[in-house]
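K.L.:
The opening position of the sequence shown corresponds to residue 62 in our numbering, with each subsequent residue numbered one higher.
Backbone N, C-alpha and C define an ideal beta-carbon position, used for all residues, glycine too.
These numbers were taken from a predicted model, which means no experiment stands behind them.
The structure's right below; bear with me while I get my questions together.
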Amino acid sequence: MDGVAEGLWELADLHERSGEIGKSIKCLEAICQSTVSFLPIIEVKTRLRIATLLLKHTNNVNHAKAHLERSQLLLKAIPSCFELKCRAYSLLSQCYHLVGAVTSQKQLLNKGLELTESFGEGFSGKLWSCNFNSQLANALIIEGDYQGSVSALEHGYVSASEMYYPELQMFFATSVLHVHLMQWDDGSLVESAVTRCNDVWESVDPERRQQCLGLFFYNELLHIFYLLRICDYKNAGEHVDKLDASMKDDLQKMHHARELNKELNIVNEGLSQTDLPYKDRSTFNSRRNEIEGEISNLIGPNSFSQEVLEPAYFGNVKRELGDKLELAPTPIDGEWLPKTAVYSLVDLMVVVFNRPKGVFKECGKRIQSGLNNIKVELVKYGIFDGTTEVDLQHSAIWMAGVYLMILMQFLENKVAIELTRSEFVEAQEALLEMKDWFNRFPTILQACESIIEMLRGQYAHCVACYNEAAFHFVEAGKLTESKSAQAICHIYAAVSYICIGDPDSYAKALELAGPIYKIIDSFVGVREKTTALFAYGFLLMRQENLQDARVKLASGLQTTHMTLGNLQLVSQYLTILGHLALALHDTSQAREILRSSLTLAKKLYDIPTQIWVLSNLTTLYEQVDEKENELENREYEKKKVDELKKRLANARSSAHHLELIEKTKFQVRRLHENDIKRAIGGPSMSVDLDIPESVGLSSSAPRPSTRLMDVDLSRRGTRKR
Numbered sequence: 062m063d064g065v066a067e068g069l070w071e072l073a074d075l076h077e078r079s080g081e082i083g084k085s086i087k088c089l090e091a092i093c094q095s096t097v098s099f100l101p102i103i104e105v106k107t108r109l110r111i112a113t114l115l116l117k118h119t120n121n122v123n124h125a126k127a128h129l130e131r132s133q134l135l136l137k138a139i140p141s142c143f144e145l146k147c148r149a150y151s152l153l154s155q156c157y158h159l160v161g162a163v164t165s166q167k168q169l170l171n172k173g174l175e176l177t178e179s180f181g182e183g184f185s186g187k188l189w190s191c192n193f194n195s196q197l198a199n200a201l202i203i204e205g206d207y208q209g210s211v212s213a214l215e216h217g218y219v220s221a222s223e224m225y226y227p228e229l230q231m232f233f234a235t236s237v238l239h240v241h242l243m244q245w246d247d248g249s250l251v252e253s254a255v256t257r258c259n260d261v262w263e264s265v266d267p268e269r270r271q272q273c274l275g276l277f278f279y280n281e282l283l284h285i286f287y288l289l290r291i292c293d294y295k296n297a298g299e300h301v302d303k304l305d306a307s308m309k310d311d312l313q314k315m316h317h318a319r320e321l322n323k324e325l326n327i328v329n330e331g332l333s334q335t336d337l338p339y340k341d342r343s344t345f346n347s348r349r350n351e352i353e354g355e356i357s358n359l360i361g362p363n364s365f366s367q368e369v370l371e372p373a374y375f376g377n378v379k380r381e382l383g384d385k386l387e388l389a390p391t392p393i394d395g396e397w398l399p400k401t402a403v404y405s406l407v408d409l410m411v412v413v414f415n416r417p418k419g420v421f422k423e424c425g426k427r428i429q430s431g432l433n434n435i436k437v438e439l440v441k442y443g444i445f446d447g448t449t450e451v452d453l454q455h456s457a458i459w460m461a462g463v464y465l466m467i468l469m470q471f472l473e474n475k476v477a478i479e480l481t482r483s484e485f486v487e488a489q490e491a492l493l494e495m496k497d498w499f500n501r502f503p504t505i506l507q508a509c510e511s512i513i514e515m516l517r518g519q520y521a522h523c524v525a526c527y528n529e530a531a532f533h534f535v536e537a538g539k540l541t542e543s544k545s546a547q548a549i550c551h552i553y554a555a556v557s558y559i560c561i562g563d564p565d566s567y568a569k570a571l572e573l574a575g576p577i578y579k580i581i582d583s584f585v586g587v588r589e590k591t592t593a594l595f596a597y598g599f600l601l602m603r604q605e606n607l608q609d610a611r612v613k614l615a616s617g618l619q620t621t622h623m624t625l626g627n628l629q630l631v632s633q634y635l636t637i638l639g640h641l642a643l644a645l646h647d648t649s650q651a652r653e654i655l656r657s658s659l660t661l662a663k664k665l666y667d668i669p670t671q672i673w674v675l676s677n678l679t680t681l682y683e684q685v686d687e688k689e690n691e692l693e694n695r696e697y698e699k700k701k702v703d704e705l706k707k708r709l710a711n712a713r714s715s716a717h718h719l720e721l722i723e724k725t726k727f728q729v730r731r732l733h734e735n736d737i738k739r740a741i742g743g744p745s746m747s748v749d750l751d752i753p754e755s756v757g758l759s760s761s762a763p764r765p766s767t768r769l770m771d772v773d774l775s776r777r778g779t780r781k782r
C-alpha cells in the first residue's frame, strides 16, 4: 500500500504543477477515502498535504481545519514524528487565525510550545519554538494583550539568539518594536526597542541583508512610524528616501523577472512537444537553465522550489513566492503584509512627507497609483462595487481591512491637498468617496469615522462655514480615544471659533484650547504644541494682546519650522506675525515676514492665505505711502478674491455641499447584534470531526453575513500617522 500512496502523491504533485488543483486534491482524497487502511503516518502526511493545498489555493478554511484536526487525532497515537506534529500544529493554528478562533489558536500553540520543550535543545526544536511564539504573539495582540505578546516575542528572540541566527533575532526585534508602537505606554521602551533593532540589523552580514528584503521594509517602516510619532521629520525623511529607492529597484527587478517568466513559459511549451529533435531540445534545455538562473538572481534562489506553506506573523499566506516579502526562515516564513500593501505604504509615506512641502504633483501621482493598486487587490478579497462588509469571507476580513485603511489614508491626504489648493469640488468628491467606503464597511473602518468628521470640519472651515466646522471638529474628538487626536480636534475647533470673531466665540475657543495649552509638553512630539501655540497666539491677537501673541507665535513658528516642516502652517504663522508687526508699526519686519509668507502660500496654491497676506501688504504700502505697490497689490488681491469667490460659489452650488457641512454625523448601516453573534459563534468557529471528503474548490460559506466578527481593528492595523 505504500507504493499506492506514493504513486498518488506523485500524481497529485503532477496535477498541482500543471495548475489542476481539483484533480490534485482528488488524488490525495483517494487515500483518505480508501476502504483499505493505510498506515497512520501516510494518512497524516496526506491530510497535511490536502490542507496545504486548500489554504494555498481556495477559501475552504473549514475543510482544511477539519483535515488537520483529524491529523492531530492520528498523531496522538504516534510517539515520534516531531516535525509532522509541529507542522500540523502550525497549519491548524493558521486555520484558527483565519476563522478568528483566537482562544482555540492560543490553546493549540501552547501545546505546540510544550512539545518543543519536551523535544530538547536541538536546532529544529528551537526553530519550531520560534514559529509558535510568533503566532502566539499575533493571537495575543488581536486580543489586545500587549504584555503577553511582547513576552512571547521575547521568548522567540531568546531562542533565535541561542541559535546564533541574527536574521531571526531581527524578526523578533522588529516584531517587539511593532507591538510597542501599537501600545506606546512608555516612550523609553519604544526607544530601547528601536535601538535594539538598529544593533541587531548591524550584526547581520551585509550580504545577508541584501537577501532580507522583507525585514528591511518592515524595519524601515516601523522606524518611520516611530520618528513620525516623535516628530523627527528630518531623520524620518531619510528613511522614506531609502525605502522609495529600494521599492523602485525591486519593482524594476520584478518587471524583468515577469518578462523572463513569459519567455520561460514559451520554452517549456516547446519542450512539451513529443517529436522535438534532439538538437532543438538541447537548445531549449540550455535556455531554460539560463532563464531560471536569471530569475533566481532577481527573485531568490528558491524561485522554482516547491513552496512550503507556513503561517505569517502579521499577514496572510496566500502570496506567490516572488511577490512575498518574507520576514523569517522556514518554518516561520510569513510576511508582515503583502508586497502590494507594503509598497502602498511606501507611496503613502512619500505623500505624507511631500504634502506639507507643497510637492503636490508627485503626491497626486502616488495617491492615484496607490488607490488603483489597492482597488485591484481588494477585488482579490471579493470587494467589488457595491460589496459590503457582511459579504466578505471571514478569512478575508483582516487583510481586506488593512487595504481599506491604507486606501482611506490616501483619500484623507487627497482631501487635505485639494483643500490646501482651494480645489473644493475635488475635495468634496474625495470626502464623499471616503463616506461611501465607510458606509459599506462601518465595522472595519470604525476608526475612520473620527477622521471623516475632522475632514468635514476642515472642508467647512475652508469654505468659511465656521460654526459648522467647529461642530464637526468637536464631534471628531468625541469619536476617538486618542488623546493626541482629541487635542488636535479641539485646537482646530478653537481656531474656527476664533474666525467667527465675537466675544462668545472667543470664550468657546479658550475653553477648548486652554486646557490643552496647559499640558502641551506632556504630548509625544511637538505636533500638539505647535498647533496649540498657533491657536493661543491667534486668539491673543484677536483680543488685541499683541505682545503676548507675538511671543507665543514666534515660539510656535520656530518649533514648526525646525521640526515639522509644514509649509502651510509656517505660512499662516508668518502671516499673523506679519500682521502683528504691522500693528506694532514695525513695517520693515512686517514687509520681510509677509513676503516670505506670500512666497510659501503661492508655492502651496493656498489662495485664502495669499489673500490674507495681500490684505496686510496693502495696509503696509498705505502706511509707508508706496502708491504704486499699493495699486499693484490691490489689483492682484482683487484677482485672487474673485478667484476664491468663484471656487466657493462652485462648491456651495454642489448638491453635496450642505450634506458635508450639516451639523449631523453621517448615518451608516451598522451590523445587527445577531449578525455579530453569529459571526463569533457560527459554524466557522466549531470543531467538526466529520471530515467532508471530495470538497471541490468552491467556497464553503453559504451565508457570508455570518463571516464578519466584531473586532477592534486598531489592534491589528498599522495606522501610524
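Taking Arg270 as the reference, which of Asp206, Ser456, Leu229 and Leu174 has the closest Cα?
P.N.:
Sorting Asp206, Ser456, Leu229 and Leu174 by C-alpha distance to the C-alpha of Arg270 places Leu229 at the top.
K.L.:
If you follow the alpha helix (DSSP H) that His622 is part of, which residue opens it and which one closes it?
P.N.:
Counting along the chain, His622 falls outside any alpha helix (DSSP H), and DSSP gives it neither H nor E.
K.L.:
Measuring only the C-alpha atoms, how far is Ala461 from Phe99?
P.N.:
41 Å
K.L.:
Assuming Ala149 contacts Ser132 under a Cβ cut-off of 8 Å, what Cβ separation, rounded to an integer in Å, is found between them?
P.N.:
5 Å
K.L.:
For Thr504, which of Val729, Arg257 and Glu490 has the nearest alpha-carbon?
P.N.:
Val729
K.L.:
Specify the secondary structure class of Glu536 as computed by DSSP and reduced to three states.
P.N.:
helix
K.L.:
Am I right that Leu573 and Ala555 are in contact with their C-beta atoms under 8 Å? What's the rounded C-beta distance?
P.N.:
4 Å
K.L.:
Return helix, strand or coil for Glu144, following the three-state DSSP convention.
P.N.:
helix
K.L.:
If contacts are defined as beta-carbon pairs under 8 Å, then Phe584 and Ala531 qualify, I think. What distance do you get, rounded to the angstrom?
P.N.:
Phe584 to Ala531, Cβ: 22 Å. No contact.
K.L.:
Is Val403 closer than 7 Å to Phe278 when the C-beta atoms are compared?
P.N.:
The criterion of a C-beta distance shorter than 7 Å is satisfied by Phe278 and Val403.
K.L.:
Report yes or no: do three or more beta-carbon pairs, one from the region 593 to 609 and one from the region 555 to 566, lie closer than 8 Å?
P.N.:
yes
K.L.:
Among the candidates Leu630, Pro227, Asp305 and Leu472, whose CA atom is the shortest distance from the CA of Pro267?
P.N.:
Pro227
K.L.:
Report the start-end ranges of each alpha helix (DSSP H) in the region 617 to 705 that is 4 residues or longer and not cut off at the edges.
P.N.:
628 to 644, 648 to 664 and 668 to 684
K.L.:
Keeping to the same chain, check which residues put their C-beta closer than 7 Å to that of Leu786; ignore five residues upstream and five downstream.
P.N.:
This structure cannot settle anything about residue 786, because the visible part of the chain is limited to 62 through 782.
K.L.:
What first and last residue would you give for the alpha helix (DSSP H) that runs through Leu448?
P.N.:
Before going further, note that residue 448 is Thr rather than Leu in the sequence given. Here Thr448 belongs to no alpha helix (DSSP H), and DSSP marks it neither H nor E.
K.L.:
On the DSSP bridge list, what partners appear for Glu387?
P.N.:
Glu396
K.L.:
Apply the 10 Å Cβ neighbour rule to Arg319 and answer buried if 16 or more other Cβ atoms are within range, or exposed otherwise.
P.N.:
exposed
K.L.:
Applying the 10 Å Cβ sphere with the 16-neighbour rule, what's the burial state of Glu246?
P.N.:
The question names Glu, yet the displayed sequence has Asp at residue 246. When all chains shown are included, Asp246 counts as exposed.
K.L.:
Roughly how many whole angstroms lie between the Cα atoms of Ser366 and Leu465?
P.N.:
Confidence at Ser366 is low in this model, with a pLDDT of 41, below 50, so the placement of that residue should be treated as unreliable; the coordinate-derived value is given next. If I take the Cα positions, the gap works out to 33 Å.
K.L.:
Could you have a look at Leu153 and say whether DSSP puts it in helix, strand or coil?
P.N.:
The answer is helix: DSSP assigns Leu153 an H, G or I state.
K.L.:
Would you tell me roughly how many angstroms separate the C-alpha atoms of Ser249 and Arg588, rounded to the nearest one?
P.N.:
19 Å
K.L.:
Under a three-way DSSP split, which group does Phe180 fall into?
P.N.:
helix
K.L.:
Starting from Ser222, trace the alpha helix (DSSP H) in both directions and tell me its first and last residue.
P.N.:
Tyr207 to Glu223
K.L.:
Just verifying my parser: in three-state terms, what is the DSSP assignment at Gly425?
P.N.:
Three-state result, Gly425: helix.
K.L.:
Is the region 303 to 310 touching the region 253 to 266, taking contact as three or more C-beta pairs under 8 Å?
P.N.:
no
K.L.:
Flag this pair as yes or no: are the beta carbons of Ile654 and Leu630 separated by less than 7 Å?
P.N.:
no
K.L.:
Which residues in the same chain as Gly173 place their Cβ atom closer than 6 Å to its Cβ, once the five residues preceding and following it in sequence are excluded?
P.N.:
Closer than 6 Å at the Cβ level, and outside the excluded window around Gly173, lie Tyr150 and Phe193.
K.L.:
Between the C-alpha atoms of Leu321 and Phe180, what's the straight-line distance to the nearest angstrom?
P.N.:
When only Cα atoms are considered, Leu321 and Phe180 end up about 45 Å apart.
K.L.:
On the three-state DSSP scale, how would you describe Tyr339?
P.N.:
helix
K.L.:
Distance check for Gly419 and Glu687, CA to CA, integer angstroms please.
P.N.:
Using only the alpha carbons, I get a separation of about 32 Å.
K.L.:
Taking 6 Å as the limit between beta carbons, can you name the residues of its chain near Ser264, skipping five residues before and five after?
P.N.:
If the five residues before and after Ser264 are omitted, its C-beta is found closer than 6 Å to the C-beta atoms of Pro227, all from its own chain and listed in chain order.
K.L.:
In whole angstroms, what separates the C-alpha of Asp341 from that of Gly331?
P.N.:
Going by the C-alpha atoms only, they are around 9 Å apart.
K.L.:
Cutting at 7 Å between CB atoms, please list the residues of its own chain near Tyr225, excluding the five before and the five after it.
P.N.:
Once the five neighbours on either side are set aside, Tyr225 has no close Cβ partner at all.
K.L.:
So, for Ser85: in the same chain, excluding its five sequence neighbours on each side, which residues have a beta-carbon less than 7 Å away from its beta-carbon?
P.N.:
Ala73, His76, Glu77 and Leu114
K.L.:
Could you compute how far the alpha carbon of Gln633 sits from the alpha carbon of Ser658?
P.N.:
So the alpha carbons of these two residues sit roughly 7 Å apart.
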